[in-house]
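There are 2 protein chains.
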Amino acid sequence: MAQITEEVTQQLKTSIPDHWDVPSSLLESMQYSLMAGGKRLRPLLVIAAAEALGGSRAAALPVACAVEMVHTYSLIHDDLPAMDNDDYRRGKLTNHKVYGEATAIMAGDALLTHAFYSVVQAARLHSVPADAVLSIVEDLSVMAGARGMVGGQMADMEGEQGVTGLEQLQYIHLHKTGDLIVFSLVAGGRAAGGEPAQLEALERFGRDLGLAFQIQDDILDLIGDEQKLGKKTQSDVEQQKVTYPYFLGMERSLEEVERLTASAKGALASANIPDPSRLLEIADFLMKRDH
Amino acid sequence: MAQITEEVTQQLKTSIPDHWDVPSSLLESMQYSLMAGGKRLRPLLVIAAAEALGGSRAAALPVACAVEMVHTYSLIHDDLPAMDNDDYRRGKLTNHKVYGEATAIMAGDALLTHAFYSVVQAARLHSVPADAVLSIVEDLSVMAGARGMVGGQMADMEGEQGVTGLEQLQYIHLHKTGDLIVFSLVAGGRAAGGEPAQLEALERFGRDLGLAFQIQDDILDLIGDEQKLGKKTQSDVEQQKVTYPYFLGMERSLEEVERLTASAKGALASANIPDPSRLLEIADFLMKRDH
Chain A
131 MAQITEEVTQ QLKTSIPDHW DVPSSLLESM QYSLMAGGKR LRPLLVIAAA EALGGSRAAA
191 LPVACAVEMV HTYSLIHDDL PAMDNDDYRR GKLTNHKVYG EATAIMAGDA LLTHAFYSVV
251 QAARLHSVPA DAVLSIVEDL SVMAGARGMV GGQMADMEGE QGVTGLEQLQ YIHLHKTGDL
311 IVFSLVAGGR AAGGEPAQLE ALERFGRDLG LAFQIQDDIL DLIGDEQKLG KKTQSDVEQQ
371 KVTYPYFLGM ERSLEEVERL TASAKGALAS ANIPDPSRLL EIADFLMKRD H
Chain B
131 MAQITEEVTQ QLKTSIPDHW DVPSSLLESM QYSLMAGGKR LRPLLVIAAA EALGGSRAAA
191 LPVACAVEMV HTYSLIHDDL PAMDNDDYRR GKLTNHKVYG EATAIMAGDA LLTHAFYSVV
251 QAARLHSVPA DAVLSIVEDL SVMAGARGMV GGQMADMEGE QGVTGLEQLQ YIHLHKTGDL
311 IVFSLVAGGR AAGGEPAQLE ALERFGRDLG LAFQIQDDIL DLIGDEQKLG KKTQSDVEQQ
371 KVTYPYFLGM ERSLEEVERL TASAKGALAS ANIPDPSRLL EIADFLMKRD H
């Protein structure tokens, strides 16, 4: 998995090259956040899904980079003073602290826009059929937009103002992090020419995995190690955010992560997935992670 | 042309429907700016280009809406306090003045994302071939991104800090407004199944028209009527922005608008464009506009 992460990082580096005729502060700002590290979980899921269906890694790579660009833009905008107002992310200064707010807004906009360019390159450079690539574009435009990630972010922000109930919490988890994880898996499947039944299994895997991931995040915010996480814990408590552990308690939240992980793994068994081993490995890895 | 504008506005209205399961403030904020009026110039160009090649208006309409969504998002973000800090746009309060900064940022993000969804609908609902739609997606991702509109916006912002030379001014005009106008024409041509020579003629038309449009904007900012424009004039002077009239003087700027308009019209004659009449009409209309 470390090798895939490295390949994704290399590909991301070349995707926004120094030689572009673009104001240098904008270019640097885009590169800064894209190269600021992170788990590269979403690209890993794209590639693992494609390879699980026997697809080529090269064809999935532009899609993997696209989802990381979308994830990165969302972090840049989330960190802005008008949003979460964070000074640090993964132990580094946030984009607007280095480049200023205006540049950070535009760098986010440009990364989101470039994600769609990257998706199209799966057709241009790796002969993924235009129909499949168009479906990936369509999925991304839904899952990353108002009905997906941005809607989840909006609900989350409203939640910080103290209006969260369980239903809203579910909406937030489903969309803020869940949709992009589901997108990653289905898009990887599409890049590999997956059949509808395979794509559906990947979607169910992603839905359960995404929820487990988010509950685990909530748990780590309560009992995690700040060193390992690279960020302050107890932030949800401080921001009076309502989380799964708040509703279910710690014990049942931990059980829920296990149950959802098992359910995710089970979804893969429901369709003919030639080699699900890496996806299963990722599911276990996420359940046991401490950062 | 008023009828096309009305059709576009109706289509935009249905494109972000009230029944979406999306936080209502986000939905309203998106609808507010999309319905805040404006000339609908870019959608008009998409449709005029498609119809000039004998294409159907219905097939061009989702692409026309997409470019208006991109234009609208760019205005929302440009108006933000961290950017131009404008309170009014087209005589109405700007998005962030009504909904707050965070929502305005997210509404912009969501409109940009939804633009790509709208493009894909040309294939889904109107049988435009997937290859052509993919090219429209690719063009949009370039022309609206760092190498296009966002890069131009960034250069413009740096220009406000007093570093503009003629070369930078050309970069700003080429990208900040020009690229989206060129995109509109070529995308309309693609939606109509245009041949390479036709698309190239539309591109040249768009390039000249876009530059003429921008110079005219600079001129109107100096000598226009605030009532008609719906905004304060002399803003470039106040912001110490360097413009074409600054470099060329008023007389030569007016001549340049005429020259570019004639050159744009000439470009259409260089390829086999079955019915260029509306495009020619738009070129003349823009040259003579007073707002």
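These protein sequence lines are chains A and B, in that order. Our numbering puts the first residue of the first sequence at 131, with every later residue one more than the last. Our numbering puts the first residue of the second sequence at 131, with every later residue one more than the last. By construction, the Cβ of each residue, glycine as well, lies at the ideal position given by its N, Cα and C atoms.
Interface flag, residue i vs chain B, CB-CB below 8 angstroms
i, result
"Val272 of chain A", "yes"
"His207 of chain A", "yes"
"Asp217 of chain A", "no"
"Ala212 of chain A", "yes"
"Glu297 of chain A", "no"
"Asp261 of chain A", "yes"
"Tyr247 of chain A", "yes"
"Ala413 of chain A", "no"
"Val280 of chain A", "yes"
Bridge partners - residue i, DSSP secondary structure assignment
i, result
"Lys222 of chain B", "B:Arg219"
Short CB-CB distance (under 8 angstroms) between residue i and chain A
i, result
"Pro147 of chain B", "no"
"Glu136 of chain B", "no"
"Leu156 of chain B", "yes"
"Glu386 of chain B", "no"
"Leu264 of chain B", "yes"
"Met160 of chain B", "yes"
"Gln283 of chain B", "yes"
"Ala317 of chain B", "no"
"Val197 of chain B", "no"
"Ala253 of chain B", "yes"
"Met287 of chain B", "yes"
"Val152 of chain B", "yes"
"Leu267 of chain B", "Leu is not the amino acid found at residue 267 of chain B; the sequence shown has Val there. Cβ-Cβ to chain A under 8 angstroms: yes for Val267 of chain B."
Alpha-carbon to alpha-carbon, residue j and residue i
i, j, result
"Ala413 of chain A", "Lys395 of chain A", "7 angstroms"
"Leu409 of chain B", "Ala190 of chain B", "15 angstroms"
"Pro404 of chain B", "Gln283 of chain A", "48 angstroms"
"Leu223 of chain A", "Met287 of chain A", "22 angstroms"
"Val249 of chain A", "Ala194 of chain A", "8 angstroms"
"Gly167 of chain B", "His149 of chain B", "22 angstroms"
"Thr144 of chain A", "Ala245 of chain A", "14 angstroms"
"Met417 of chain A", "Asp261 of chain B", "41 angstroms"
"Arg334 of chain A", "Ala397 of chain A", "6 angstroms"
"Leu299 of chain A", "Phe377 of chain A", "10 angstroms"
"Val176 of chain B", "Ile311 of chain B", "9 angstroms"
"His256 of chain A", "Glu297 of chain A", "42 angstroms"
"Glu158 of chain A", "Met279 of chain B", "17 angstroms"
"Val228 of chain A", "Arg389 of chain B", "44 angstroms"
"Val267 of chain B", "Gly324 of chain B", "16 angstroms"
"Phe415 of chain B", "Asp338 of chain A", "56 angstroms"
"Ile206 of chain A", "Ser314 of chain B", "29 angstroms"
When the options are compared against residue i, the one with the closest alpha-carbon
i, options, result
"Gly308 of chain A", "A:Leu210, A:Leu384 and A:Ile345", "A:Ile345"
"Ala401 of chain A", "A:Asp351, A:Ala182, A:Lys306 and A:Leu255", "A:Ala182"
"Gly336 of chain A", "A:Val316, A:Asp151, A:Gly184 and A:Ala274", "A:Val316"
"Pro406 of chain A", "A:Glu137, A:Met160, A:Ala178 and A:Leu171", "A:Ala178"
"Asp209 of chain B", "B:Gly221, B:His201, B:Asn225 and B:Glu388", "B:Asn225"
"Gln263 of chain A", "A:Leu304, A:Gly318, A:His207 and A:Ala342", "Correcting the residue type first, residue 263 of chain A is Val in the shown sequence and not Gln. Selected option, being the one with the closest Cα: A:Gly318."
"Tyr203 of chain B", "B:Gly275, B:Val176, B:Ile266 and B:Leu255", "B:Gly275"
"Gly185 of chain B", "B:Met273, B:Leu329 and B:Ala321", "B:Ala321"
"Val138 of chain B", "B:Pro153, B:Glu158 and B:Lys169", "B:Lys169"
"Asp239 of chain B", "B:Met199, B:Glu136, B:His305 and B:Gly324", "B:Met199"
"Gln112 of chain A", "A:Arg277, A:Ala132 and A:Ala399", "Here chain A comprises residues numbered 131 to 421, so residue 112 of chain A is not present and cannot be evaluated."
"Asp351 of chain B", "B:Ala342, B:Gln364 and B:Pro211", "B:Gln364"
"His421 of chain B", "B:Glu388, B:Ser393, B:Ala392 and B:Asp347", "B:Asp347"
"Gly277 of chain A", "B:Gln251, B:Phe313 and B:Ala237", "As written in the sequence, residue 277 of chain A is Arg, which differs from the Gly given in the question. Measuring from the Cα of Arg277 of chain A, the nearest candidate turns out to be B:Ala237."
"His243 of chain A", "B:Asp217, B:Val272 and B:Asp366", "Position check: residue 243 of chain A holds Thr in this sequence, whereas His was assumed. Checking every option, the nearest Cα to that of Thr243 of chain A belongs to B:Val272."
Amino acids of chain D, ordered along the chain, whose beta-carbon sits closer than 8 angstroms to that of residue i
i, result
"His244 of chain B", "In the structure shown, chain D cannot be found, because the protein chains are A and B."
Proximity test, residue i beta-carbon vs the ligand NAD heavy atom, cut-off 7 angstroms
i, result
"Pro192 of chain B", "Absence of the ligand NAD from the depicted structure is noted, as is the absence of any ligand whatsoever, leaving it without description."
> What residues in the region 229-241 of chain A have a beta carbon less than 9 angstroms from any beta carbon of chain B?
Replying inline: Gly230, Glu231, Ala232, Thr233, Ala234, Ile235, Met236, Ala237, Gly238, Asp239, Ala240 and Leu241
> When Cβ atoms are compared, which residues of the region 321-354 of chain A fall closer than 7 angstroms to chain B?
Replying inline: none
> Just by C-beta distance, which residues in the region 173-192 of chain B are closer than 9 angstroms to chain A?
Replying inline: none
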